[in-house]
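**Q**
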Amino acid sequence: MQICLRTHIVSDDPTTRLNYCLGTGITAAQESAKSIPGAVERGWPTAAELKEYRKPFDEAGVSIIGLEPVLEPVRTWPDNTVAGRASYETFVRHLDAAGEAGIGVVTLHPPLDDARSDAEAKHQFEANCVFYQKASGDASRTGTKLATHSPWPPTKGLWGADDFRAVFDAVPAPENGMIFCMGCMAISRSDALQAMEDLVDRIFMVHVRDVVIHTDGGVDEVLPGSGEVDPDAKIRALDRIGYRGPIAPEHLPSIFGEQKSEISMAWAVGFCRATLRDLASSNAG
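Numbering-wise, our numbering puts 687 at position 216 of the sequence shown, and it's gapless, one number per residue.
1. Quick one: give me the first and last residue of the beta strand (DSSP E) that VAL690 is part of.
2. Looking only at C-alpha atoms, which of ALA641, ALA606, ARG477 sits nearest to LYS593?
3. Return the chain-ordered list of same chain residues with a C-beta closer than 7 Å to the C-beta of ASP703, the five sequence neighbours on each side being excluded.
4. Hey, how far is the Cα of ALA554 from the Cα of THR561?
5. Under a Cβ-count criterion, where at least 16 other Cβ atoms within 10 Å of its own Cβ denotes burial, should ARG556 be classed as buried or exposed?
6. Let me confirm a value: THR619 is counted as buried when at least 16 other C-beta atoms fall within 10 Å, else exposed. Which label applies?
7. So, using beta-carbon positions, are VAL682 and GLU692 closer together than 9 Å?
8. Return the Cβ separation of MET736 and ILE535 in integer angstroms, given the expectation that the two are a contact with Cβ distance under 8 Å.
9. Let me make sure I understand the geometry here. Which of ARG748, ASP567, PHE602, LYS505 has the alpha-carbon closest to that of PHE639?
10. Over what stretch of residues does the alpha helix (DSSP H) that includes ALA644 continue unbroken?
11. According to DSSP, is ALA632 helix, strand or coil?
12. What does PRO720 pair with, by DSSP beta-bridge criteria?
13. CA-CA distance, GLY628 and TYR714?
14. Which of the three DSSP states is assigned to ILE650 in this structure?
15. If distances are taken between C-alpha atoms only, which option among ARG612, ILE718, LEU694 comes closest to PRO724?
16. Tell me whether ILE474 sits in a helix, a strand or coil according to DSSP, three-state version.
17. Quick one: give me the first and last residue of the beta strand (DSSP E) that ILE536 is part of.
18. Return helix, strand or coil for LEU617, following the three-state DSSP convention.
19. Locate the beta strand (DSSP E) running through LEU566, then write down its first and last residues.
20. I need the straight-line Cα distance from HIS722 to GLU733, nearest angstrom please.
21. Can you tell which of ALA519, SER621, SER611, LYS505 has the C-alpha that lies nearest to the C-alpha of PRO540?
22. Leaving aside the five residues before and after GLY728 along the sequence, list all residues of the same chain whose C-beta is less than 7 Å from its C-beta, in chain order.
23. If you reduce the DSSP assignment to three classes, tell me which class LEU579 lands in.
24. In angstroms with no decimal places, state the Cα-to-Cα distance between MET667 and LEU709.
25. Quick check on this structure: which residue in ALA590, PHE596, ARG612, PRO582 has the alpha carbon closest to the alpha carbon of GLY575?
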């Protein structure tokens, strides 16, 4: 497993992010197309821009393992309308560019995520599946994969393990995958360990996150190992079932004196590294 710097943590400036990776020993990064001015202006990056963007990361030995689109999610992605087809084509341009630039995963949230009734939920599920069916085909064509994160915040309709299973059952293409968020699984009261085993082939990125859930439904974000998620056990379980992808600490509590999680992220990196080092020692023995 590689420890990964998630988008928008520490900085959105690529040079700052790369220097932070080098200073903390992070070996992978999920980057955002929003960090490329030309991409923001036109709505998508070109392959040439992504190749230029990743060049200093490659030279420093830091892998860019995922790309966040300029704009996501977009509600019209599933729509067979002029606006819907245009918005979907913009998304596909991210897949095209990422594939040509050698970035294997495009990260996203589901286009529809705010149903307020069972009937609306059924409609949104069907529409989301239309999108994932199309997008999986384009991901296959471009040599990329889709990694979907649960809707956030929870009021939008949090996805737990069963929700992801339903999407993967409906759209079983191997390119259709997920970001496994430890926090979302805990908040949705999913059996995270069972979900890892069931969905390991669909997990293209893991968010290492710890939370304390209150009886009134409130959630506090806490440093890894300080809440009820037990990220150490989850990382060990991922290793046991053969997951070898990126793990990215996120949703970290603010520590006095930091600007954008640079202190709490370093703390979380140390936590993850200690677990990975112990696993490496145990596996070697």
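Yeah, the Cβ is synthetic: ideal placement off N, Cα and C, and Gly gets one too.
Source: prediction; values computed, not measured.
**A** With the given structure in hand:
1. 690-693
2. Closest by alpha carbon: ALA641.
3. GLY696, THR746
4. Taking the straight line joining both Cα atoms gives about 11 Å.
5. exposed
6. buried
7. yes
8. About 18 Å separates the Cβ atoms of MET736 and ILE535, ruling out a contact at the 8 Å cut-off.
9. PHE602
10. It is not in any alpha helix (DSSP H) - ALA644 carries neither H nor E in the DSSP assignment.
11. helix
12. VAL679
13. 27 Å
14. strand
15. LEU694
16. strand
17. Following the DSSP letters along the chain, one finds ILE536 inside the beta strand (DSSP E) bounded by residues 534-539.
18. strand
19. First-last for LEU566: 553-572, but that is the alpha helix (DSSP H), not the beta strand (DSSP E).
20. 12 Å
21. LYS505
22. ILE734
23. strand
24. 7 Å
25. ARG612
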